[in-house]
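Those protein sequences? They're chains A and B, same order as listed. Quick note on our numbering: the first sequence kicks off at 1 and runs consecutively. Quick note on our numbering: the second sequence kicks off at 357 and runs consecutively.
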Amino acid sequence: MSVYEQITQARASAIGEIEQVDDMESLTALEPVLFGKKSTLGGLKRLMGEVDAAEKAAVGQALNQAQADVRQAHAMVKERFIAESRREQLETERLDLTESLEKSMRGRLHLVTQTMERLEDVFVGMGFTVSEGPQAETDWYNFEALNLPAAHPARSMFDTLYLDLGERTEIGDGEGGEATNILLRTHTSPVQIRVMESNPPPIYTVCPGRVFRRDTADASHMPVFHQIEGLVIDRGISLTDLAGTLNEFTAAYFGGAIRSRLRPSYFPFTEPSAEFDITCVICEGEGCQTCQRTGWIELGGCGMVHPNVLSNCGIDSEEWTGFAFGFGIDRLALMRHGIKDLRDMYTNDVRFLEQF
Amino acid sequence: MKVLLSWLREFAPIEGDPYELADHMSDLGMAVEETRPLNPLKGVVVARVASLRPHPEADRIQLVDVEVEPGNPVQVCCGAFNMSEGDLIPFATIGTVMPDGMEIAQRKMRGELSNGMCCSAAELHLGADHDGIMILPQELQVGASLMEQLGLVGDVLWDLEINPNRPDAMSVAGVARDLAARLNVPFEIPDWSVPVVEAREADLVSIHVEDEELCPRFTARVIRGVTVEKSPLWMQMRLTLLGMRPINSVVDVSNYVMLELGTPNHTYDLSLVPNGHIGVRRATDGEKISTLDDQERTLLSGDGIIVNEESAPIGIAGVMGGASTEISESTEAVLLELASWESESIARTSQRLGLRSEASARFERGTDWRLNVNAVERFCFLLSEISSGEIEIVGEVLDVHGALQETGPVSVRTSRISLLLGREFTSAEIRELLLPIGFDVETTDEEDIQLVTVPSFRPDTETETDIAEEVARHYGYSSLGTRVPRSPDAGRLTAQQKMRRMIRQIMIGSGLVEAMPNPFLAPGDVSKAGLSVANPVQLLNPLAVEESVLRPSLLPGLLTSAAYNYSHRNTGLRLFETGAIFLASDDPTSSLPDESEQLAALLTDSDAAHAVGLLRELGDGLKVELTLINADDLPGLHPTRGARICIGEEEIGSVGEIDPVILERFEIEDRCAWLDLRLDGLIEAAIAGSGVAYQPVSTFPSSDVDLAFVVDEEVQASAVEQTLRRAAGDELQGLQLFDVFRSDQMAQGSRSLAFSLKLQAKDRTLTDEEVGGVRQRCIQAVETSHKATLRS
């Protein structure tokens, strides 16, 4: 038998043995027989010395090839055993994922907070800052500075809740001018006054927050509710800037199909004054029960800041002009989610709170 | 304010689609709340009541034989009892679709057939009256269409919302003026002059106005030979449709003139005004008057009153007349009053007495003194037109006034109007917009400046800015265009606002749901929640006593919310709130109460450890080191399960469990964990801590040391932790309490606290000696500081 035949035979027998093995243990036991010095191929290596010099290279190559083939056969089988054993292991770990006992631990922000944050984000995107102020206010900030002196007939538009702070307050007719009425702000406009008092124009800010009215709670009124107001004071600000800003806000908040429009109105703190309507979000302008078939719903009030308000805050109304607007936050939330009764938002029933 | 197309058309030739006209009115600032083309009411006819019979089986309904064709009555069951045989009534025949959509069908009521329906004014949408069947005047034609007979077919009724600055629009004529200007059609107040007679001695009247501020103008006239009767149907219909109830010819004309011109007026039976003496003054406190509605009213100083020659009140100025001079069927001579009143005084008085009326609503906005004489003429013209007999109008019009307030012209810059409205107007454009609504415009030498005289029916318009609004209104707000201004600065939230949002996110990330309880409390709620607040802030004019205190803490509100949920079987609550609390200020210079924003959380069916865990989430999330000091005296908290929360030395809140006594009061049967802290304090600390300097991560191996000590129960675990921290020094990378163990084997009143320390140096591997040294220092420090012993 030539040396080549011996190599071929040794290779075939080694591979044959590998293929006989049926578990990892036997394979490991076989390894010395396959690769050790005492293995058949290992034995043939020792014969290299007896091979002719001219044949050496060819025999060596044949021997190496045979060894490589045996290793490969071994590796393949070994891999198969590993894969099988892993598969068995994984099978023992099989899990019904719908058996999970973990409870969701996610809480919820109140619908009013969610709405307020969404509104703030839209205005921040439009270049506004967000301003805040106290909920208990003086008569000056809530009314007088806003061009609503005591005895102004338009004060009856606001059913005001006053605070009893003992000797420091009096609910007078305001004619004395000494005692200060302390009240719960009826709108967030006092924040506008505070901003104008302490910041030189230009001013681009929104004032979201809680406001109070002496209203009996019903499906559409609460004595405690939330508003957001906006204020812009700059050079050359006009009614068209107001209309444009509200348009931009409306599209950003409600979506492109919803537009806004202005209608003349009256507020003591603005002149010219306007109501602003938006396309009915239910019917998108087609006319439905919600909008009383007009295609529009009234959202809030706005106008050019009254020169008296500017001068009350030390701003020269010849140099600077501005606009302000405001609307209710709670109502937006009701509209968006189809809630029929405002009171439901404030029962704090978790079955309500967890829905949003 | 409601207006009727046919009435508007008496002042201007207004044409167009009712809904388009509505859009114009809304766009002019007179928001249309309803447009109602008057329905021809097909099937509703004039019918005669032929006979009335009791229903054999029912007391609450009767049988009416109704004649639509003479001699051919049909039987109807009717629940009203106000008609008599021979009356004419509106009758809905079978098949009629009523304004509310109901279809009239033949029905059987308690065994009797009903072949149609007798209608009330409300059922026909012709007025508010639904108490009885509408009784029609006898001159109507039986069997004919009701709406045709009433002359209402084709008419349109609009309901307008008029703002307080538009006294002029509180009248049919005023609305017509505004709308005519928009439609570019002429507007005119017709000539209402009437033939007059000489005054006789009995007609002599004298007016004495003591307070010209209260009453700038008092105009009066005597009309005699008056027969007080029913006014004609057309007038009754107009009054009814505009929301007033027809009374008699004199009162109806009075109301008609008010609605038409916006000039409230009053009529006296002259024979009941001794010597025709009328005085005007302010009341003194406690004066009494019995008003037209037969109520006795007590007056206060400042109220305007009309008095007789004995200075006794016979009317409350601008609010309601007195019963003593009321028009009755026997009235022959009428004294007509057309007065202008101080609007604030009328507003105050009518509000206080709860007597808001169509008249007071107009006086509050301010009426047009210039119209007084026109209105007197209109009254006389109408009364003579509708009277069945001849009336005699005394020629003399008494007109008492001081210097009437004429407003001087306002200087208006075209450039300023353009700036405010954001569109370049020319002076001519401004003129053309203002002239049709009664403003007078004069040009000046300066191209930019015009002098604008405001008409007396627009007392709200005083300044250049006010005039800008008029220009904008008639140009059309929506025609001005749009533009978006840009802030020179970037929009942003403040660091505080961002941190507040982050705190809320941490709370919801920890599974808490945000609640918004009522900030108003009942007086007992504060102590019910175990709090003692010396003087909580009270409301001066609460709606109800249950809502008369401003919360001094978030605890009562969240407990109430939890109790509400428990009563609805929602348990295992995790609620939080951020909101303002109010306390009377200690600072005598502060007029406002102290207001601070709090963060509170209430976890039901949870013990104090859960609240501490939540607090730790908060501290970790915000990188704020919050330390706890156990305390037995925290209001509302479990006496042995509470701690103060501190940042450094500053106390910012409390944590623990709610006192079980309080939970019982709120009927919450589970333990409740509680956390309450000052949000501003937390936010400031979080902002301060947000810029920490980077500490390079050590690349050398770390060593772990576990130490367990038996420590007296009196010693806070956090104190031991502090001691370990100090003793371990710079190499301490981590420290964690990992086990608490109590057992009988240990001395009474003590427990084992096991800590794991992780030691690591920045620049080298710690040697066993070094680690041993630290271990020894830690043991020694804890043993000496806390009388603790190492557990081996």
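Just so you know, even glycine gets a beta-carbon here, dropped at the ideal spot from N, CA and C.
query = Given that G778 of chain B touches chain A, what residues does it touch there, using C-beta distances under 7 Å?
reply = On the second sequence, position 422 is the one that residue 778 of chain B refers to. Simply S238, L239, T240, D241.
key: Segment contact flag, the region 718–735 of chain B with the region 605–619 of chain B, C-beta cutoff 8 Å, min 3 pairs   = yes
request  = Please go through the same chain and pick out, in chain order, the residues whose beta-carbon is closer than 6 Å to the beta-carbon of L1033 of chain B, but skip the five residues on each side of it.
outcome  = Reading the second sequence from its first residue, position 677 is the one you call residue 1033 of chain B. Correct list, in chain order: L955, I1001, I1008, G1009.
key: Residues, ordered as in the chain, of the region 853–871 of chain B that lie near chain A by beta-carbon distance below 9 Å   = Q853, R857, R860, Q861, M863, I864, G865, S866, G867, L868, V869, E870, A871
ask   = Can you list the residues of chain B that L34 of chain A reaches, using a CB-CB cut of under 9 Å?
value = For the purposes of this step, residue 34 of chain A is taken as the residue at position 34 of the first sequence. Simply none; closest approach about 42 Å.
query = So, is G125 of chain A buried or exposed, given that buried needs 16 or more other C-beta atoms within 10 angstroms?
reply = Taking the first residue of the first sequence as position 1, residue 125 of chain A is located at position 125. It counts as exposed.
ask   = Could you give the residue range of the beta strand (DSSP E) that holds C302 of chain A?
value = In the first sequence, counting from the first residue as 1, residue 302 of chain A sits at position 302. Residues 296–305.
ask   = Buried or exposed: where does W590 of chain B fall if 16 or more other Cβ atoms within 10 Å of its Cβ makes it buried?
value = As a first step, residue 590 of chain B must be located in the second sequence, where it is residue number 234. Burial call: exposed.
According to DSSP, residues forming a beta bridge with Q1104 of chain B = Residue mapping note: residue 1104 of chain B aligns to position 748 of the second sequence, counting from 1. Bridge partners of Q1104 of chain B: none, in fact.
request  = Quick one: using the 10 Å Cβ neighbour count with 16 as the cut-off for buried, is D173 of chain A buried or exposed?
outcome  = Locating residue 173 of chain A in the first sequence gives position 173, where the first residue counts as 1. Since pLDDT at D173 of chain A reaches only 42, below the 50 mark, its modelled position is unreliable, and the value read off the structure follows with that caveat. Counting Cβ neighbours within 10 Å, D173 of chain A comes out exposed, since fewer than 16 surround it.
ask   = When you check each C-beta in the region 244–260 of chain A against every C-beta of chain B, which residues fall closer than 7 Å?
value = G244, T245, N247, E248
message = Could you give the first and the last residue of the continuous beta strand (DSSP E) run that contains T1121 of chain B?
response = As a position in the second sequence, residue 1121 of chain B is number 765, starting the count at 1. No beta strand (DSSP E) holds T1121 of chain B; DSSP gives it neither H nor E.
inquiry  = Please report the straight-line C-alpha distance between D801 of chain B and D659 of chain B, rounded to a whole angstrom.
reply    = If you number the second sequence from 1, residue 801 of chain B lands on position 445. If you number the second sequence from 1, residue 659 of chain B lands on position 303. Near 48 Å, if we compare the C-alpha coordinates of D659 of chain B and D801 of chain B.
ask   = Does the Cβ of V578 of chain B lie closer than 8 Å to at least one heavy atom of the ligand FMN?
value = Among the components of this structure there are no ligands whatsoever, and the ligand FMN is therefore not found.
task = Within its chain, find whatever has a CB closer than 6 Å to the CB of D1095 of chain B; leave out the 5 residues flanking it on each side and keep chain order.
result = For this step, residue 1095 of chain B is matched to residue 739 along the second sequence. Within the same chain, D1095 of chain B has close Cβ partners A1110.
message = Can you confirm whether G516 of chain B, when its beta carbon is compared against all beta carbons of chain A, has any partner nearer than 9 Å?
response = As a working note, residue 516 of chain B is residue 160 in the second sequence. At residue 516 of chain B the sequence reads Leu, which differs from the Gly that was named. With 9 Å as the cut-off, L516 of chain B does not count as an interface residue toward chain A.
Where T654 of chain B falls, given that 16 or more other Cβ within 10 Å makes a residue buried = As a position in the second sequence, residue 654 of chain B is number 298, starting the count at 1. T654 of chain B comes out exposed.
key: In chain order, each alpha helix (DSSP H) run of at least 4 residues that lies wholly inside the region 742–824 of chain B   = 770–777, 783–790
inquiry  = Using the three-state DSSP reduction, which class does A145 of chain A fall into: helix, strand or coil?
reply    = Mapped onto the first sequence, residue 145 of chain A falls at position 145. In this structure, A145 of chain A counts as helix in the three-state DSSP scheme.
task = Tell me, please, which residues DSSP counts as bridged to W140 of chain A.
result = Indexing the first sequence from 1 puts residue 140 of chain A at position 140. Paired residues: none, contrary to the question.
inquiry  = Using beta carbons (cut-off 9 Å, strictly below), is H110 of chain A in contact with chain B?
reply    = The sequence position of residue 110 of chain A within the first sequence is 110, counting from 1. Yes, its Cβ sits closer than 9 Å to a Cβ of chain B.
message = Please tell me whether A689 of chain B and D625 of chain B are closer than 9 Å, where the distance is taken between their beta carbons.
response = Counting from one through the second sequence, the residue named residue 689 of chain B turns up at place 333. Counting from one through the second sequence, the residue named residue 625 of chain B turns up at place 269. Yes; because the gap between Cβ atoms is below 9 Å, this pair is in contact.
ask   = Looking only at its own chain, which residues have a Cβ that is under 8 Å from the Cβ of A1084 of chain B, when we skip the five neighbours before and after it?
value = Position 728 of the second sequence, counted from the first residue, corresponds to residue 1084 of chain B. Once the five neighbours on either side are set aside, the close Cβ partners of A1084 of chain B are L1091, L1113, L1115, V1130, R1133, C1134.
query = Can you give the beta carbon distance from S476 of chain B to M490 of chain B, rounded, assuming they're within the 8 Å contact cut?
reply = Position 120 of the second sequence, counting from 1, holds the residue named residue 476 of chain B. Position 134 of the second sequence, counting from 1, holds the residue named residue 490 of chain B. The pair is a contact, with the Cβ atoms about 6 Å apart (cut-off 8 Å).
query = Which residue from A:I329, A:E50, A:P32 puts its Cα closest to that of G209 of chain A?
reply = Within the first sequence, residue 209 of chain A is the residue found at index 209, counting from 1. Looking at the Cα atoms, A:I329 is the closest of the given residues.
request  = Report buried or exposed for H486 of chain B, applying the criterion of at least 16 other Cβ atoms within 10 angstroms of its Cβ.
outcome  = Translated into positions along the second sequence, residue 486 of chain B becomes position 130. Exposed is the call here.
request  = Give the interface partners of G969 of chain B over in chain A, defined as CB-CB distance under 7 Å, in chain order.
outcome  = To locate residue 969 of chain B, count along the second sequence from 1; it is residue 613. Per Cβ cutoff of 7 Å: no residues; G969 of chain B is ~12 Å from chain A at best.
ask   = Which residue comes first and which comes last in the beta strand (DSSP E) that contains H74 of chain A?
value = Taking the first sequence and counting its residues from 1, the one referred to as residue 74 of chain A is at position 74. First-last for H74 of chain A: 53–92, but that is the alpha helix (DSSP H), not the beta strand (DSSP E).
message = Using 9 Å as the threshold, is the C-beta distance between R637 of chain B and D755 of chain B below it?
response = Locating residue 637 of chain B in the second sequence gives position 281, where the first residue counts as 1. Locating residue 755 of chain B in the second sequence gives position 399, where the first residue counts as 1. The answer is no: Cβ separation not under 9 Å.
task = For the region 67–79 of chain A and the region 833–851 of chain B, state whether three or more C-beta atom pairs, one from each stretch, are separated by less than 8 Å.
result = no
message = Within 8 Å, do at least three Cβ pairs link the region 918–935 of chain B to the region 957–970 of chain B?
response = yes
query = According to DSSP, is C475 of chain B helix, strand or coil?
reply = The residue given as residue 475 of chain B occupies position 119 in the second sequence. DSSP places C475 of chain B in coil when its eight states are reduced to three.
ask   = Excluding five sequence neighbours on each side, which residues of the same chain lie with their C-beta closer than 6 Å to the C-beta of L675 of chain B?
value = For the purposes of this step, residue 675 of chain B is identified with residue 319 of the second sequence, where counting begins at 1. It should be noted that the sequence gives Val, not Leu, for residue 675 of chain B. Taken in chain order, the residues that qualify are T705, S706, L711, S716.
ask   = What does Y833 of chain B touch in chain A if you count any residue whose Cβ is under 9 Å from its own?
value = Mapped onto the second sequence, residue 833 of chain B falls at position 477. Within 9 Å Cβ-Cβ: L239, A243, R261, L262, R263, P264, P272, A274.
message = Please return the same chain residues whose Cβ sits closer than 8 Å to the Cβ of E17 of chain A, not counting the five positions on each side in sequence.
response = The residue given as residue 17 of chain A occupies position 17 in the first sequence. Excluding sequence neighbours, E17 of chain A sits near L30, V33, L34.
ask   = With distances taken from CA atoms, which of B:E714, B:L694, B:E693 is nearest A703 of chain B?
value = In the second sequence, residue 703 of chain B corresponds to position 347, counting from 1. Measuring from the Cα of A703 of chain B, the nearest candidate turns out to be B:E714.
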